[in-house]
Amino acid sequence: MTQILKEDGKTIIKTGSRIDTLGAGEFEKAIEPTLQDDGCNLVLDCLELTYLASSGLRIIQRTMRTVMMKKGQFKIINVNPEIYKILKMTGFTKFMTVEQKA
125 MTQILKEDGK TIIKTGSRID TLGAGEFEKA IEPTLQDDGC NLVLDCLELT YLASSGLRII
185 QRTMRTVMMK KGQFKIINVN PEIYKILKMT GFTKFMTVEQ KA
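So, in structure tokens, the structure goes:
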């Protein structure tokens, strides 16, 4: 289940355990209001994320582009090794900040 928190001038989106084909639309609707402000500082917290489908990758890419067009900042944190491997293999780590779980 997606959670959205405001903390220290950042909007933190906690992804939940899965962004799959069935839940991708719901995830996108949940985060859409966070993309309205110019200059937003958006952090996608993937601490619980264990499965990421291609539909989830598209949403992440679209979200990052929206934030960047509005002159904001976007990064992904707490990524487990399997999800990091997917993000690296698809080239996401080349155009966005992705931090692995400590």
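Per the working numbering, the very first residue in the sequence shown carries number 125; after that it's consecutive.
Virtual Cβ for every residue (Gly too), placed ideally from N, Cα, C.
1) Measure the C-alpha to C-alpha separation of lysine 130 and threonine 158 and round it to an integer number of angstroms.
2) On a Cα-Cα basis, can you pick out the residue from Gly163, Ser141, Phe151 and Glu206 that is closest to arginine 182?
3) Can you tell me the Cα-Cα spacing of arginine 142 and leucine 173, whole angstroms?
4) Using a 10 Å radius around the Cβ and a threshold of 16 neighbouring Cβ atoms, would you call threonine 221 buried or exposed?
5) Within the continuous beta strand (DSSP E) that includes glutamate 131, where are the two ends?
6) Where does threonine 217 sit, in a helix, a strand or coil, going by DSSP?
On the basis of the supplied data:
1) 10 Å
2) Phe151
3) 6 Å
4) exposed
5) 127-131
6) helix
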